[in-house]
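Numbering (UniProt numbering), first residue to last: 1 to 265.
Let me begin by presenting the structure, written as structure tokens, before commenting on it.
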């Protein structure tokens, strides 16, 4: 199982990175894209055929899903269209949210069921796609939001937090993961609203409690989360940075960047 960072800028597209999007590939499995924020479709074309991917959405905030209307256009009108529908897994309102965003005029819903089969997450109910098993878990965020635990037949495990505040469900989800791709969007300001986003300090604490190898993901471009992570004393935590390049093998503590690749074993 391999993870390629398509974009890792939180809340908005950064100067050097698309918003949230992570490509997961594995033998005997179609390519999976975890979230599809602004700019992800362009980055995806460097690594996979957009006609072949399935999409797993953590939640429906704009920076995690609103490049999908572009993918709908790609799959409908490409000279060599997809031979079968793709899958989109997401929260309960996925069809209406994305259909409204893709509508050519306000007040309409684009019925994109011709190109994608929309399915809804059920908390803690496993889903199998190819050789991978995905377990979604509700985490704490103002809208319905899921983290994901993805395992291959060897037992290698990737956990993606999506957007979340600090909560026990996140720790349980990330327990002993080979890669814990954990959001770290905010500074550790005591005045900030609770149960919304993680700071670097909280990302480090979550990785320590879960026993996983942490990689803080999608920080806001103006927020430096690395110091908070290191203050937690977590040598296995590295910040996602928009620098480009490739790293392989999580045991070498890879630095997540747009275009970076990690292997779970």
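Just so it is clear, CB atoms sit at the ideal spot from N, CA and C, and this is done for glycine as well.
Look at residue 56 and residue 71 and say whether their C-beta atoms are less than 8 angstroms apart. Judged by beta-carbon spacing, residue 71 lies beyond the 8 angstroms limit of residue 56, meaning their Cβ atoms are not closer than that value.
Does the Cβ of residue 39 have 16 or more other Cβ atoms within 10 Å, making it buried, or fewer, making it exposed? With a threshold of 16 other beta carbon atoms within 10 Å, residue 39 meets it and is buried.
Among 208, 190, 184 and 167, which one has its Cα closest to the Cα of residue 278? Shown here, the chain extends from 1 to 265; a query on residue 278 therefore has no answer.
Measure how close the beta-carbons of residue 103 and residue 110 come, nearest whole angstrom, since I'm counting them as under 8 angstroms. 5 angstroms between Cβ atoms; contact.
Use the C-beta contact count for residue 155: other C-beta atoms within 10 angstroms, 16 or more gives buried, fewer gives exposed. It counts as exposed.
Within its chain, find whatever has a CB closer than 6 angstroms to the CB of residue 119; leave out the 5 residues flanking it on each side and keep chain order. If you ignore the 5 residues before and after residue 119, its C-beta comes within less than 6 angstroms of the C-beta of 89, all in its own chain and listed in chain order.
Report the three-state DSSP secondary structure of residue 73 (helix, strand or coil). Note: residue 73 maps to helix in three-state DSSP.
Paired residues, beta bridge with residue 148 - DSSP: The partner list for residue 148 (beta bridge, DSSP) reads 136 and 160.
For residue 165 versus residue 140, is the C-beta distance shorter than 8 angstroms? Against a cut-off of 8 angstroms, the Cβ pair of residue 140 and residue 165 comes out as a contact.
CB-CB under 6 angstroms to residue 159, same chain, minus the five flanking residues each way: which ones, in chain order? Hits under 6 angstroms: 149, 173, 174, 177 and 180.
Using 8 angstroms for Cβ pairs, my map puts residue 18 next to residue 43. What's the rounded Cβ distance? About 5 angstroms separates the two Cβ atoms, so the contact holds.
To the nearest angstrom, report how far apart residue 152 and residue 107 are at their CA atoms. Those two C-alpha atoms are separated by around 42 angstroms.
Within the same chain, show all residues whose beta-carbon is closer than 6 angstroms to that of residue 133, passing over the 5 residues directly before and after it, in chain order. Its chain contains 126 and 151 as the residues whose beta carbon lies nearer than 6 angstroms to that of residue 133, once the 5 sequence neighbours on both sides are disregarded; these appear in chain order.
Just the C-alpha distance for residue 211 and residue 205, rounded to the nearest angstrom, thanks. Their Cα atoms are separated by approximately 10 angstroms.
Nearest by alpha-carbon distance to residue 116: which of 185, 52 and 128 is it? It is 52 whose Cα lies nearest to the Cα of residue 116.
Which runs of the beta strand (DSSP E) at least 3 residues long sit entirely within the stretch 165-190? Give them in chain order. Every beta strand (DSSP E) stretch that sits fully inside the stretch 165-190 and reaches 3 residues is listed by chain position as 179-183.
When you compare only the Cα positions, how much space is there between residue 306 and residue 59? Residue numbering for the chain in the displayed model covers 1 to 265; residue 306 lies beyond these limits and cannot be assessed.
Could you give the residue range of the beta strand (DSSP E) that holds residue 5? For residue 5, the uninterrupted beta strand (DSSP E) segment begins and ends at 2-7.
What is the rounded straight-line gap between the Cα of residue 193 and the Cα of residue 121? Using only the alpha carbons, I get a separation of about 26 angstroms.
Would you kindly work out how many angstroms separate the C-alpha atoms of residue 138 and residue 61, rounded to a whole number? For residue 138 and residue 61, the distance between alpha carbons rounds to 15 angstroms.
Taking all protein chains shown into account, do 16 or more other C-beta atoms lie within 10 angstroms of the C-beta of residue 54, making it buried, or fewer, making it exposed? By the beta-carbon neighbour count (other beta carbons within 10 angstroms, threshold 16), residue 54 is buried.
Taking all protein chains shown into account, decide if residue 91 is buried (16 or more other Cβ within 10 angstroms of its Cβ) or exposed. That one is buried.
If you draw a straight line from the C-alpha of residue 80 to the C-alpha of residue 73, how long is it? So the alpha carbons of these two residues sit roughly 13 angstroms apart.
Can you list, in chain order, the residues of its chain whose CB lies under 7 angstroms from that of residue 101, leaving out five sequence neighbours each side? Cβ neighbours of residue 101 beyond the five flanking positions: 66 and 69.
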